[in-house]
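**Q**
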Amino acid sequence: MHPPPPAAETSFATIQPGTDYEIPTSQESLPETFVTFCHPGYEAPFNKLFFLPRVEKTPNGSWGVHYLTALTACQIVANNAFDGYISDQADGAPLTTNPDSVLLRSRYFFIVPDRPERNGYHPG
17 MHPPPPAAET SFATIQPGTD YEIPTSQESL PETFVTFCHP GYEAPFNKLF
67 FLPRVEKTPN GSWGVHYLTA LTACQIVANN AFDGYISDQA DGAPLTTNPD
117 SVLLRSRYFF IVPDRPERNG YHPG
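Taking the numbering used here, I'd label the letters of the sequence shown as residues 17 to 140.
#1: Could you pull out every unbroken beta strand (DSSP E) segment of at least 3 residues lying fully inside the segment 104–134, listed in chain order?
#2: Which first and last residues belong to the alpha helix (DSSP H) in which T88 is found?
#3: So what does DSSP say about G80, is it helix, strand or coil?
#4: For the ligand ZN, is there any heavy atom lying closer than 8 Å to the beta carbon of T88?
#5: Taking Cβ positions, are Q80 and V51 nearer each other than 9 Å?
#6: If we call anything under 9 Å between Cβ atoms a contact, is I102 one with F67?
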């Protein structure tokens, strides 16, 4: 097994289910306490949907947010948009990761693909 890349080079890390996680003991031990999830269609600072605390620790000691937890929260906040995905760019592709990965960057975007029925048009 290869060691995970440094947090600065990737937007997520893989964890092993069942690993014993420790709770952060102080705010000083975290580079940034929260991960921000943003709307891709609005400019900062008005694009923030919500924040999740970094409570998952990776084997290399980085803290982040569990990917599937974040995705589910985004989908619910976006009116049950279960076809939406998380990206690290406002106009980016979906992250290619497994559900038990940990998101390490400070900001991600939740993107819902355009569908005609979302704009009031229902193909007949």
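All residues carry an ideal CB built from backbone N, CA and C; glycine is no exception. Keep in mind it's a predicted model, so treat the numbers as computed, not measured.
**A** Quick answer:
#1: With a minimum length of 3 residues, the continuous beta strand (DSSP E) runs that stay inside the segment 104–134 are 117–119 and 123–127.
#2: In this chain, the alpha helix (DSSP H) harbouring T88 covers Y83 to V93.
#3: For G80, the secondary structure class from DSSP, reduced to helix, strand or coil, is strand.
#4: Here there are no bound small molecules, and the ligand ZN is not part of this structure.
#5: At residue 80 the sequence reads Gly, which differs from the Gln that was named. For the pair G80 and V51, the CB atoms are nearer than the 9 Å cut-off.
#6: Cβ atoms of I102 and F67: not closer than 9 Å.
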